[in-house]
Amino acid sequence: MGQNTLVLGEYMNLPEKKHVPVCRYKLNSVGGSESMMKLSLASRQYWKAALIRAAIPLSFFLLSAVFQVLSISHTVLSACAVLMLIMLQPSRSHSLFSANNTCILCYILSSMNYGVRILDILLVTAVLIAADNISGRIRQQIEKEQSKNVSNAERTSRLNELNALLLSTHGTDDILKLLLSFIHKACGYPLILFEVSSSGVRKHSSDPPGIITFKRDVEAVLHAAKTQQISGVGIEYTPSSVYRCYPVNISKESFGVIAVLLGNGGYEPDIFPFIDSLLQRANIALERQRLIDTQQKLSIEKHLEYMRSNFLRAISHDLRSPLAAIAAACYALEQTHGMSKSNLRLISDIQEESVWLTQMVENLLSITRLDTGSPKLSLTSEAVEEIVGEAAYKCRIRFPDLNLEVRVPDQVMIIQMDAMLITQVILNLVENALKYGGSSKKVLLTVSRDNTDAIFSIRDYGLGILSEMKDTLFSGNGIARDDSRRGFGIGLSICKTIVSAHRGKISAKNCIDGGAEFIFTLPLEEPEHENR
118 MGQNTLVLGE YMNLPEKKHV PVCRYKLNSV GGSESMMKLS LASRQYWKAA LIRAAIPLSF
178 FLLSAVFQVL SISHTVLSAC AVLMLIMLQP SRSHSLFSAN NTCILCYILS SMNYGVRILD
238 ILLVTAVLIA ADNISGRIRQ QIEKEQSKNV SNAERTSRLN ELNALLLSTH GTDDILKLLL
298 SFIHKACGYP LILFEVSSSG VRKHSSDPPG IITFKRDVEA VLHAAKTQQI SGVGIEYTPS
358 SVYRCYPVNI SKESFGVIAV LLGNGGYEPD IFPFIDSLLQ RANIALERQR LIDTQQKLSI
418 EKHLEYMRSN FLRAISHDLR SPLAAIAAAC YALEQTHGMS KSNLRLISDI QEESVWLTQM
478 VENLLSITRL DTGSPKLSLT SEAVEEIVGE AAYKCRIRFP DLNLEVRVPD QVMIIQMDAM
538 LITQVILNLV ENALKYGGSS KKVLLTVSRD NTDAIFSIRD YGLGILSEMK DTLFSGNGIA
598 RDDSRRGFGI GLSICKTIVS AHRGKISAKN CIDGGAEFIF TLPLEEPEHE NR
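The working numbering puts the first residue of the sequence shown at 118, with every later residue one more than the last.
Okay, structure coming up:
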């Protein structure tokens, strides 16, 4: 240690090799002058008390002589002695040469010289002793209250200092590091931060570093983490622990346990409320930091979603024009006479790919509309058979080899829907059935009614749905098993988003006789005569 360091306490070794902390104070070079001033003040107070104690017997002898010459009664002399003792005694002392004992001795000697009776001596002695006890207790109580007020003022200052530091500290780890360091400096007790998980207890950090822990102390840490209550020193459940453990929670979730090393003794019980107050402020700061982190995370996610939507929207609009030009060029080439079969096949493939890309562009545009958490729908009252007929017409134009069978009930069903989006759902499901069921097999589109819902069913007769794909079928992560080039996996995800935006449901299952069936429901619009 340096020359300007004064150590008033150190760790003590107990028989069981436990290190019990005793308050440790250091006077650095900055606070050295202040400490010397305090020592100088204490020295002046000591010499002042010594002079008062020396003046008491001298004054008493002088009063005795004056009263003897003036023939004043010893009762008045005794009263003056008592008043002098109360007024001049600086503090209560139990020393053999205290002011009280000196006064009594001087009174006895003077009384013997002037022939005072023994009864008077005993009476005055008793009065002096009683006065000494009363004045000593009063002064002791006053000094105790003053010391308590000073301690409370100092702790309040420490709390305000911690509040200021927490306001300027950001990050959960930095807040916890500040808390450990501050409590250690303010109270003089070492601290350890434990992480508690299903695998056990792990030491995260400590102040000062290098504190050794024992297995018997883990019980108090686990109890604090399990019950979310203080345990260890001062608690009946775990009185043998040398730690006082405080659970640390963030948003009602256990983060860890802070253990204060108090030992089996040598600590002040009134320090507990102070440490509790420090940790309460730290918990508030940790909760504030969690809210800040959550807000920043949401802000970043919102910004990324905004950029993603703008990017998809720009890409989709930029792709629309060239795809339309490619489709028109393919159609013009097909009408040209004298084309070889190989060239016509290539033109047909180009046209098919352009149609598929056009559908992908429509899906991307739907993502920008519906995948933002607050879809905007253009709802109108539409007849189900008209929407199904339009979707079937577009499917036959887009897929000339499609063997599509449509079944619609005779009963008129009206639905509040965005007609363009629901048509796209049917197109996506029919395309999915054609791709996985095979172009030579039939695709069945059926519409039925169940109480207040219209049920749409698109079934193919292919190989069905793989079991490992059922859980992620509508998540947008599916990949085609036989055509990875077209396996973007967003078609079914778009269908689910659109149906959910219409307060409907969508599901898929394998049929007993082969193939897969996709079913989605939409709520029917109530007729006007039922509302009246």
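Note that CB positions come from ideal geometry on N, CA and C, so glycine has one too. Here the structure is a predicted model, which means the values were calculated and not measured.
query = Of all the options Ile464, Gln468 and Asp570, which has the alpha carbon lying nearest to the alpha carbon of Gln533?
reply = The residue given as residue 533 occupies position 416 in the sequence shown. Nearest option by C-alpha distance: Asp570.
request  = Entirely within the segment 456-526 and at least 4 residues each: give me those alpha helix (DSSP H) ranges in chain order.
outcome  = 458-487 and 501-515
message = Quick check: what's the CA-CA separation for Phe299 versus His420?
response = On the sequence shown, residue 299 is found 182 positions in, with the first residue counted as 1. On the sequence shown, residue 420 is found 303 positions in, with the first residue counted as 1. Taking the straight line joining both Cα atoms gives about 38 Å.
query = Three-state secondary structure (DSSP) at Met534?
reply = Locating residue 534 in the sequence shown gives position 417, where the first residue counts as 1. Strand at Met534.
query = Between Leu691 and Leu609, which are expected to be in contact by the criterion C-beta below 8 Å, what is the C-beta distance as a whole number of angstroms?
reply = The shown model of the chain, from 118 to 649, leaves out residue 691, and the question about it has no answer.
task = Within the same chain, show all residues whose beta-carbon is closer than 8 Å to that of Leu282, passing over the 5 residues directly before and after it, in chain order.
result = Mapped onto the sequence shown, residue 282 falls at position 165. Closer than 8 Å at Cβ, skipping near neighbours: Leu295 and Phe299.
key: Thr344 classed as buried or exposed, judged by whether at least 16 other C-beta atoms fall within 10 angstroms   = The residue you call residue 344 lines up with position 227 of the sequence shown. Exposed, because fewer than 16 other Cβ atoms sit within 10 Å of the Cβ of Thr344.
request  = Could you work out which residue in Phe573, Leu583, Asn427 and Ser264 is closest to Val616 when comparing CA atoms only?
outcome  = Residue 616 sits at position 499 when you count from the first residue of the sequence shown. Of the listed residues, the one whose Cα sits closest to Val616 is Phe573.
key: Candidates Ile432, Glu278, Cys304 and Phe372: closest to Lys320 by CA position   = The count along the sequence shown starts at 1 and reaches residue 320 at position 203. It is Phe372.
message = Among Ile309, Arg515, Val267 and Pro326, whose alpha-carbon lies nearest the alpha-carbon of Val318?
response = By one-based count along the sequence shown, residue 318 stands at place 201. If we check each option's Cα against that of Val318, Ile309 comes out closest.
Chain-order list of residues whose beta-carbon lies under 8 Å from that of Ile328 (same chain, five-residue window excluded) = Your numbering for residue 328 matches position 211 in the sequence shown. Once the five neighbours on either side are set aside, the close Cβ partners of Ile328 are Pro307, Ile309 and Leu378.
Beta carbon of Gln541 nearer than 8 Å to that of Glu451 = Start at 1 with the first residue of the sequence shown, and residue 541 comes out as number 424. Start at 1 with the first residue of the sequence shown, and residue 451 comes out as number 334. No. Outside cutoff.
ask   = Sorted by chain position, which residues of the same chain lie with C-beta nearer than 6 Å to Tyr448's C-beta, five sequence neighbours on each side aside?
value = Residue 448 sits at position 331 when you count from the first residue of the sequence shown. Within the same chain, Tyr448 has no close Cβ partners at all.
Cross-strand partners of Thr638 (DSSP beta bridge) = By one-based count along the sequence shown, residue 638 stands at place 521. In the DSSP output, where bridge partners are listed per residue, Thr638 has Ile572 and Lys622.
key: Buried or exposed by the 16-neighbour rule on C-beta atoms within 10 Å, applied to Val338   = The residue labelled residue 338 in the question sits at position 221 within the sequence shown. Buried: at least 16 other Cβ atoms inside 10 Å.
ask   = Just to confirm, are Phe428 and Val374 a CB contact at a threshold of 8 Å?
value = Here residue 428 refers to the residue found at position 311 when the sequence shown is read from its first residue. Here residue 374 refers to the residue found at position 257 when the sequence shown is read from its first residue. Contact flag unset, no.
key: Own chain, CB closer than 8 Å to Gly579, minus 5 neighbours either side, in chain order   = Within the sequence shown, residue 579 is the residue found at index 462, counting from 1. Same-chain partners within the cutoff: Ala550, Tyr553, Gly554, Gly555, Lys558, Gly631, Gly632 and Ala633.
request  = Using 10 angstroms around the beta-carbon of Lys613, count the other beta-carbons present and answer buried if the total reaches 16, otherwise exposed.
outcome  = Residue numbering aside, residue 613 sits at position 496 when the sequence shown is read from its first letter. Counting Cβ neighbours within 10 Å, Lys613 comes out buried, since at least 16 surround it.
inquiry  = Using the three-state DSSP reduction, which class does Glu643 fall into: helix, strand or coil?
reply    = On the sequence shown, position 526 is the one that residue 643 refers to. In the structure shown, Glu643 sits in coil (DSSP, three-state: anything other than H, G, I, E or B).
ask   = Would you say the segment 506-513 touches the segment 460-480, given that touching needs at least three Cβ pairs under 8 Å?
value = no
ask   = Leaving out five residues before and five after Met456 in sequence, what residues of the same chain have Cβ atoms less than 8 Å from its Cβ?
value = Position 339 of the sequence shown, counted from the first residue, corresponds to residue 456. Excluding residues within five positions, the ones whose Cβ falls inside 8 Å are Leu450 and Ile464.
inquiry  = Rounding to the nearest angstrom, what Cα-Cα distance links Glu260 and Phe391 in this structure?
reply    = Counting from 1 along the sequence shown, the entry for residue 260 is found at position 143. Counting from 1 along the sequence shown, the entry for residue 391 is found at position 274. Cα-Cα distance, rounded: 21 Å.
ask   = Going by other Cβ atoms of all chains shown within 10 Å of its Cβ, with 16 needed for buried, is Ala399 buried or exposed?
value = Numbered from 1 along the sequence shown, position 282 holds the residue referred to as residue 399. Classification for Ala399: buried.
message = Closest to Glu502 by C-alpha separation, out of Arg513, Val523, Ser495 and Cys512, would be which residue?
response = Here residue 502 refers to the residue found at position 385 of the sequence shown. Taking only the C-alpha atoms, the option nearest Glu502 is Val523.
key: For Leu562, the first and last residue of its enclosing beta strand (DSSP E)   = Stepping through the sequence shown from its first residue, residue 562 is reached at position 445. That run of the beta strand (DSSP E) goes Lys559 to Asp567.
ask   = Sorted by chain position, which residues of the same chain lie with C-beta nearer than 6 Å to Cys628's C-beta, five sequence neighbours on each side aside?
value = For the purposes of this step, residue 628 is taken as the residue at position 511 of the sequence shown. Excluding sequence neighbours, Cys628 sits near Glu634.
key: Three-state secondary structure assigned by DSSP to Ile328   = In the sequence shown, counting from the first residue as 1, residue 328 sits at position 211. Coil, per DSSP.
message = Considering only their Cβ atoms, is the gap separating Met530 from Arg566 smaller than 8 Å?
response = Stepping through the sequence shown from its first residue, residue 566 is reached at position 449. Stepping through the sequence shown from its first residue, residue 530 is reached at position 413. Their beta carbons are under 8 Å apart, which means Arg566 touches Met530 by this criterion.
ask   = Buried or exposed: where does His454 fall if 16 or more other Cβ atoms within 10 Å of its Cβ makes it buried?
value = Locating residue 454 in the sequence shown gives position 337, where the first residue counts as 1. With fewer than 16 other Cβ atoms within 10 Å, it is exposed.
query = How should Pro326 be labelled, buried or exposed, when 16 other C-beta atoms within 10 angstroms of its C-beta is the threshold for buried?
reply = For the purposes of this step, residue 326 is taken as the residue at position 209 of the sequence shown. Pro326 is exposed by the Cβ-count criterion.
inquiry  = Does Ile309 come out as helix, strand or coil in the three-state DSSP assignment?
reply    = Along the sequence shown, read from residue 1 onward, the residue named residue 309 stands at position 192. It is a strand residue.
query = Closest to Ser274 by CA distance: which of Ile251, Glu262, Leu395 and Val313 is it?
reply = Mapped onto the sequence shown, residue 274 falls at position 157. Considering only alpha carbons, the answer is Leu395.
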